[in-house]
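K.L.:
Starting off with a structure, shown below.
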Amino acid sequence: MKRFFTSAVLVFILTFPATAQYVVIPDTIFRNYLQQNFPACFNTSGLMDVNCVDLWWVNDMIIPNMGITDLTGIEHISGNILDCSGNLLTWVPPILNFSEINISNNQLQQLTFWGSRINCSNNLLTSLTINSNNVHSLNCSNNLLTSLPPYTFTWVGAWTSLNCSNNLLTSLPPGYEGAFTINIDGNQFTQLDFSGAYNLKNLYCRSNLLASITLPTGILIDRVDCSNNFIASIQPGLKISELLCSNNALTSIPYIVNIQKIKCNQNNISSIAQSPTNYLDVSDNPIDCLPTLYNYLQYLNTSNTNITCMPNQPFYISQTLPLCEPVGSGSCETFPTISGSIFLDTDGDNQWDSTEVPLPHWVVQTQPFNWYGVSAANGNYFIHADTGVNVITNVLQPLSPYYTITPASYSFNFNSMNVRDTANNFAVHEIPGVNDLRIALFTEPFVPGNTSAINLNFSNIGTTTQNATVNLVYPTSLDIVSVNPVPTTQTPGNISWTFPNCNPFYLGQATVFAKVDTLALAGTPLAFSANISPVTGDSVPSDNSVSFTDSIVSSFDPNDKHVDKITISPLQVQQSEWLYYKIRFQNTGTYFAANVSIVDSLSSFLDPATIQVTGYSHNYEMLLTQHGILRFDFRDIMLPWEAYNEPESHGFISFRIKVRNNLLVNDQIHNNAYIYFDFNTPILTNAAITTVDLTSGESEPVSKFGFIVFPNPAHEQINVVSSSDQIQFIEVVDMTGRIIKSVNGFSSNKISVNVKGLDSGIYLVKVNRNDSYSLRFVKF
Numbered sequence: 046m047k048r049f050f051t052s053a054v055l056v057f058i059l060t061f062p063a064t065a066q067y068v069v070i071p072d073t074i075f076r077n078y079l080q081q082n083f084p085a086c087f088n089t090s091g092l093m094d095v096n097c098v099d100l101w102w103v104n105d106m107i108i109p110n111m112g113i114t115d116l117t118g119i120e121h122i123s124g125n126i127l128d129c130s131g132n133l134l135t136w137v138p139p140i141l142n143f144s145e146i147n148i149s150n151n152q153l154q155q156l157t158f159w160g161s162r163i164n165c166s167n168n169l170l171t172s173l174t175i176n177s178n179n180v181h182s183l184n185c186s187n188n189l190l191t192s193l194p195p196y197t198f199t200w201v202g203a204w205t206s207l208n209c210s211n212n213l214l215t216s217l218p219p220g221y222e223g224a225f226t227i228n229i230d231g232n233q234f235t236q237l238d239f240s241g242a243y244n245l246k247n248l249y250c251r252s253n254l255l256a257s258i259t260l261p262t263g264i265l266i267d268r269v270d271c272s273n274n275f276i277a278s279i280q281p282g283l284k285i286s287e288l289l290c291s292n293n294a295l296t297s298i299p300y301i302v303n304i305q306k307i308k309c310n311q312n313n314i315s316s317i318a319q320s321p322t323n324y325l326d327v328s329d330n331p332i333d334c335l336p337t338l339y340n341y342l343q344y345l346n347t348s349n350t351n352i353t354c355m356p357n358q359p360f361y362i363s364q365t366l367p368l369c370e371p372v373g374s375g376s377c378e379t380f381p382t383i384s385g386s387i388f389l390d391t392d393g394d395n396q397w398d399s400t401e402v403p404l405p406h407w408v409v410q411t412q413p414f415n416w417y418g419v420s421a422a423n424g425n426y427f428i429h430a431d432t433g434v435n436v437i438t439n440v441l442q443p444l445s446p447y448y449t450i451t452p453a454s455y456s457f458n459f460n461s462m463n464v465r466d467t468a469n470n471f472a473v474h475e476i477p478g479v480n481d482l483r484i485a486l487f488t489e490p491f492v493p494g495n496t497s498a499i500n501l502n503f504s505n506i507g508t509t510t511q512n513a514t515v516n517l518v519y520p521t522s523l524d525i526v527s528v529n530p531v532p533t534t535q536t537p538g539n540i541s542w543t544f545p546n547c548n549p550f551y552l553g554q555a556t557v558f559a560k561v562d563t564l565a566l567a568g569t570p571l572a573f574s575a576n577i578s579p580v581t582g583d584s585v586p587s588d589n590s591v592s593f594t595d596s597i598v599s600s601f602d603p604n605d606k607h608v609d610k611i612t613i614s615p616l617q618v619q620q621s622e623w624l625y626y627k628i629r630f631q632n633t634g635t636y637f638a639a640n641v642s643i644v645d646s647l648s649s650f651l652d653p654a655t656i657q658v659t660g661y662s663h664n665y666e667m668l669l670t671q672h673g674i675l676r677f678d679f680r681d682i683m684l685p686w687e688a689y690n691e692p693e694s695h696g697f698i699s700f701r702i703k704v705r706n707n708l709l710v711n712d713q714i715h716n717n718a719y720i721y722f723d724f725n726t727p728i729l730t731n732a733a734i735t736t737v738d739l740t741s742g743e744s745e746p747v748s749k750f751g752f753i754v755f756p757n758p759a760h761e762q763i764n765v766v767s768s769s770d771q772i773q774f775i776e777v778v779d780m781t782g783r784i785i786k787s788v789n790g791f792s793s794n795k796i797s798v799n800v801k802g803l804d805s806g807i808y809l810v811k812v813n814r815n816d817s818y819s820l821r822f823v824k825f
């Protein structure tokens, strides 16, 4: 029926055409546009026929920035979109028949329109009339309006957007608050009651005279920006994703559900409730204490506040502020803390006597919350805990395995915050008679004409006192500038030192500065080797020597992070492979850097409890916090600046750490670090990335239990071969202990198992013979 009616109307129109009615189009530019696009609608005299069928629906009329001064005739044209922005219009006839109008950037003082979407911004409007009941988008910003027309719209669709910013408005007629997005920036509102704005998603009310604002509490609002007002409080119970309230009169921020960003700088805030935000700016406020911070907070600004410590250390934040302690943190609520000392108990009485030495850089770990602490130079450690049961389960020496620790653990049960448990000391006892010396070799980049450092770090990680000899072999093409300490012998290409009476835990260092010839070519190899003796009787002689080949470079980034392995295999993951990292820094400023700090947010794929420092350029202090935030502080080193003493302007720290054994193929261990020179803006290093890769194709060796699983990793099938007893049955078990597959062995010594349908990951193959043992394999 509808199709018949439409056809009938068309037949009527075509059979009985309307009588031509001509009007003058006074604006030459507008007339020329119409004549070019609708030539059939004009007579030879340049008059437009208002009954011309081509004008009944023109779809889009796009005529911006053409210098048009008069739109007379537009009232006879119908279409979808009219864009006449950026012209010289001071008046327009009523625009009746376009659904969307852009008449912005003209010189209009008043406007009457029909339609659903209107943009009349950047005019001189003092009067606005809307003769439409289906408006759902209005932009009248940057005008001189003191009021908006009454809201009489009855359209049942979404009222999507209202932008009346930068006018002279003091209120909105009822109904306008139903828009999804409202922008009333730059007006003269003194209060705002949007408690019934249940469609509200975004509110912008910056730079008004607002003393109060009321918002709906039953909905989630994406963004509220009420900056630059006089608002004294934020109502509780709101659900907001982003709250931007800078430069107001706020004294506190309440708890906000779903909050992701809080920017409340330049207020009078003294307290802020704990919220799950990942962005917090409280700068330029008199606040003294922060709440417990969200673990995944990514941005924190506390400049120009009274905040002197952090309540906890979020994973992504690299702050120079220390963690708050119950003593000395004012009224700040803090987590419970555990402290004590770690010492070498030479007389075996488990008591720290005055003659017994403290042990620095030992890692202390609590469970189940994974808080970490590191003993300082005086042997004292300090570790945050949480309410509830905490157990110190690990006390790990950074280099040596030749010791026992008493007691094996401590257990605590904290019922409240602001509690400190002290004197939890650990006595370390030597396993006697162990000889074990270790050496490491590091170099700075070698650039033609520049002087670079060759660093030797060596240690006695055994339990006997030894007389050590250290020897360095270097390319004779390098010119030696200086050697520290003074060597025992020095010949071209060879330098030796003697270090008598190296006690257990002895850490030694030697530095050689060498200059590269100005004419040396980039890429030229430079071979180095170093060793420490005696080797005879050493428990691990393989770490008594080191060698590698460097090469001359033309330029380099002086602040960077390097990892020794770009890829590792799934088998290396299973075996918790060591990764060796080196972080280099250089003072490129204009004065000495008294203190340098490095903050490294370790990847969650690394085990913080296994951290071992392998080399360093300056004496350091190490901190390790919850979630594996690693920090090295080089205090009072007075690092010279590059132009003053280029060779001495460099420094580094190197360490090794184990990967966790639950990584999957294509997982990436992504690490970078922040380097702080005194109070300057930190430098972010490059990312050091290691990828779990199948291409190495390493296979599982025959196990000590007499069977092998291959291929490993596997995609479709694994083979299990027993070298002795016949296999009764096999179980494939995932890492939660759930049996995924069970296969009968039929008393054979070789079984194939289809694993094609398994998800990628690490599994156990449990082989049941006359005995029962398990091996891991990786499914990809």
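In my numbering, each residue's number is its place in the sequence shown (first place is 1) plus 45.
Glycine included, each C-beta is placed from N, C-alpha and C at the ideal position.
DSSP state of phenylalanine 75, grouped into three classes?
P.N.:
Counting from one through the sequence shown, the residue named residue 75 turns up at place 30. The answer is helix: DSSP assigns phenylalanine 75 an H, G or I state.
K.L.:
Identify every residue that forms a DSSP beta bridge with leucine 389.
P.N.:
For the purposes of this step, residue 389 is taken as residue 344 along the sequence shown, with counting starting at 1. The partner list for leucine 389 (beta bridge, DSSP) reads Val473.
K.L.:
Hey, how far is the Cα of aspartate 524 from the Cα of alanine 498?
P.N.:
Position 479 of the sequence shown, counted from the first residue, corresponds to residue 524. Position 453 of the sequence shown, counted from the first residue, corresponds to residue 498. Roughly 12 Å between the two C-alpha positions.
K.L.:
Please identify the residue among Gly478, Phe503, Asn351 whose C-alpha is closest to the C-alpha of valine 515.
P.N.:
Position 470 of the sequence shown, counted from the start, is the residue given in the question as residue 515. Taking only the C-alpha atoms, the option nearest valine 515 is Phe503.
K.L.:
Specify, as a first and last residue, the run of the beta strand (DSSP E) that valine 618 falls within.
P.N.:
Against the sequence shown, residue 618 aligns to sequence position 573. That residue, valine 618, is in no beta strand (DSSP E); its alpha helix (DSSP H) goes 615 to 619.
K.L.:
Looking at the secondary structure, which residues open and close the beta strand (DSSP E) in which tyrosine 808 lies?
P.N.:
Residue mapping note: residue 808 aligns to position 763 of the sequence shown, counting from 1. Element bounds for tyrosine 808: 806 to 813.
K.L.:
Tell me, please, whether the segment 577 to 584 touches the segment 481 to 500 by the rule of three or more beta-carbon pairs shorter than 8 Å.
P.N.:
Contact holds: three or more Cβ-Cβ distances are below 8 Å.
K.L.:
Between lysine 306 and glutamine 358, what straight-line distance do the alpha-carbon atoms span, to the nearest angstrom?
P.N.:
On the sequence shown, position 261 is the one that residue 306 refers to. On the sequence shown, position 313 is the one that residue 358 refers to. Those two C-alpha atoms are separated by around 18 Å.
K.L.:
Spell out the partners DSSP gives aspartate 712 in its beta bridges.
P.N.:
In the sequence shown, residue 712 corresponds to position 667, counting from 1. None, per the DSSP bridge assignment.
K.L.:
When the Cα atoms are used, what is the spatial distance from valine 180 to cysteine 354?
P.N.:
Sequence index remark: in the sequence shown, residue 180 carries index 135 (1-based). Sequence index remark: in the sequence shown, residue 354 carries index 309 (1-based). Spanning the two alpha carbons is a distance of roughly 53 Å.
K.L.:
Answer yes or no: do valine 765 and leucine 809 have a C-beta to C-beta separation smaller than 7 Å?
P.N.:
In the sequence shown, counting from the first residue as 1, residue 765 sits at position 720. In the sequence shown, counting from the first residue as 1, residue 809 sits at position 764. Cβ atoms of valine 765 and leucine 809: not closer than 7 Å.
K.L.:
In whole angstroms, what is the alpha-carbon distance linking serine 456 and isoleucine 437?
P.N.:
Your numbering for residue 456 matches position 411 in the sequence shown. Your numbering for residue 437 matches position 392 in the sequence shown. Their backbone Cα atoms lie some 6 Å apart in a straight line.
K.L.:
Given 6 Å as the limit, tell me if serine 504 has its C-beta closer than that to any heavy atom belonging to the ligand NAD.
P.N.:
This structure does not include the ligand NAD; it has no bound ligands of any sort.
K.L.:
Could you pull the DSSP bridge partners for asparagine 208 from this structure?
P.N.:
Along the sequence shown, one-based indexing puts residue 208 at 163. DSSP, once it has assigned bridges, lists Asn184, Asn228 as partnering asparagine 208.
K.L.:
Just the C-alpha distance for tyrosine 626 and alanine 732, rounded to the nearest angstrom, thanks.
P.N.:
Reading the sequence shown from its first residue, position 581 is the one you call residue 626. Reading the sequence shown from its first residue, position 687 is the one you call residue 732. If you take the alpha carbons of tyrosine 626 and alanine 732, they lie about 11 Å apart.
K.L.:
Count the other C-beta atoms from every protein chain shown that fall within 10 angstroms of the C-beta of methionine 683, then say buried if there are 16 or more, exposed otherwise.
P.N.:
Counting from 1 along the sequence shown, the entry for residue 683 is found at position 638. The residue in question, methionine 683, is exposed, as its Cβ has fewer than 16 Cβ neighbours within 10 Å.
K.L.:
With phenylalanine 697 and serine 662 assumed to form a contact (beta carbons below 8 Å), what rounded beta-carbon distance in angstroms separates them?
P.N.:
On the sequence shown, residue 697 is found 652 positions in, with the first residue counted as 1. On the sequence shown, residue 662 is found 617 positions in, with the first residue counted as 1. Confirmed, about 5 Å.
K.L.:
Would valine 720 pass as a contact of isoleucine 643 if the rule is Cβ separation under 7 Å?
P.N.:
Within the sequence shown, residue 720 is the residue found at index 675, counting from 1. Within the sequence shown, residue 643 is the residue found at index 598, counting from 1. One point to set straight first is that residue 720 is isoleucine, not valine, in the sequence displayed. Taking 7 Å as the Cβ cut-off, isoleucine 720 and isoleucine 643 qualify as a contacting pair.
K.L.:
Apart from the five residues just before and just after isoleucine 540, which ones in its own chain have a Cβ nearer than 7 Å to its Cβ?
P.N.:
One-based indexing of the sequence shown puts residue 540 at position 495. Taken in chain order, the residues that qualify are Leu517, Val528, Pro532, Val557.
K.L.:
Helix, strand or coil: how does DSSP classify asparagine 247 here?
P.N.:
Translated into positions along the sequence shown, residue 247 becomes position 202. Three-state DSSP puts asparagine 247 in a strand.
K.L.:
With 16 as the cutoff for other CB atoms within 10 Å, does glycine 568 come out buried or exposed?
P.N.:
Taking the sequence shown and counting its residues from 1, one reaches residue 568 at position 523. By the neighbour-count rule (16 or more Cβ atoms within 10 Å), glycine 568 is not buried but exposed.
K.L.:
Does histidine 663 come out as helix, strand or coil in the three-state DSSP assignment?
P.N.:
Your numbering for residue 663 matches position 618 in the sequence shown. If DSSP states are grouped into helix, strand and coil, histidine 663 belongs with coil.
K.L.:
Is glycine 223 helix, strand or coil when you go by DSSP?
P.N.:
Taking the sequence shown and counting its residues from 1, the one referred to as residue 223 is at position 178. Three-state result, glycine 223: helix.
K.L.:
Rounded to whole angstroms, what's the CA-CA distance from phenylalanine 822 to isoleucine 785? Just pull it up for me.
P.N.:
For this step, residue 822 is matched to residue 777 along the sequence shown. For this step, residue 785 is matched to residue 740 along the sequence shown. Roughly 14 Å separates the two Cα atoms.
K.L.:
Compare the C-alpha of proline 381 against each of Asp738, Thr235, Asn435 and name the closest.
P.N.:
Sequence index remark: in the sequence shown, residue 381 carries index 336 (1-based). For proline 381, the nearest C-alpha among the options comes from Asn435.
K.L.:
Residue range of the beta strand (DSSP E) that tryptophan 416 falls in?
P.N.:
Working through the sequence shown from its first residue, we reach residue 416 at position 371. Counting along the chain, tryptophan 416 falls outside any beta strand (DSSP E), and DSSP gives it neither H nor E.
K.L.:
Quick check on alanine 65: does DSSP put it in helix, strand or coil?
P.N.:
What you label residue 65 is simply residue 20 of the sequence shown in a count that begins at 1. Correct three-state label for alanine 65: coil.
K.L.:
Let me confirm a value: glutamine 410 is counted as buried when at least 16 other C-beta atoms fall within 10 Å, else exposed. Which label applies?
P.N.:
Within the sequence shown, residue 410 is the residue found at index 365, counting from 1. Looking at its Cβ environment, which holds 16 or more other Cβ atoms inside 10 Å, glutamine 410 is buried.
K.L.:
With 16 as the cutoff for other CB atoms within 10 Å, does aspartate 230 come out buried or exposed?
P.N.:
For the purposes of this step, residue 230 is taken as the residue at position 185 of the sequence shown. Label assigned to aspartate 230: buried.
K.L.:
Please check the pair serine 328 and isoleucine 314, which I expect to be a contact at CB under 8 Å, by giving their CB distance rounded to whole angstroms.
P.N.:
As a first step, residue 328 is located in the sequence shown; it is residue number 283 there, counting from the start. As a first step, residue 314 is located in the sequence shown; it is residue number 269 there, counting from the start. Their Cβ separation, rounded to whole angstroms, is 10 Å, which puts serine 328 and isoleucine 314 out of contact at 8 Å.
K.L.:
To the nearest angstrom, how far is it from the Cα of lysine 610 to the Cα of serine 805?
P.N.:
Translated into the one-based positions of the sequence shown, residue 610 becomes position 565. Translated into the one-based positions of the sequence shown, residue 805 becomes position 760. Distance between the alpha carbons of lysine 610 and serine 805 is about 23 Å.
K.L.:
With DSSP collapsed to three states, give me the class of isoleucine 304.
P.N.:
Mapped onto the sequence shown, residue 304 falls at position 259. Residue state, collapsed to three classes: coil.
K.L.:
Give the DSSP bridge partners of lysine 610, in chain order.
P.N.:
By one-based count along the sequence shown, residue 610 stands at place 565. Answer by DSSP bridge pairing: none, since lysine 610 is not bridged.
K.L.:
Taking all protein chains shown into account, do 16 or more other C-beta atoms lie within 10 angstroms of the C-beta of alanine 759, making it buried, or fewer, making it exposed?
P.N.:
Locating residue 759 in the sequence shown gives position 714, where the first residue counts as 1. Flag for alanine 759 reads buried.
K.L.:
Hey, how far is the Cα of isoleucine 796 from the Cα of asparagine 716?
P.N.:
Indexing the sequence shown from 1 puts residue 796 at position 751. Indexing the sequence shown from 1 puts residue 716 at position 671. Answer to the nearest angstrom: the Cα atoms are 42 Å apart.
K.L.:
Can you check whether the CB of glycine 282 is closer than 7 Å to the CB of threonine 259?
P.N.:
Start at 1 with the first residue of the sequence shown, and residue 259 comes out as number 214. Start at 1 with the first residue of the sequence shown, and residue 282 comes out as number 237. Not closer than 7 Å, so no.
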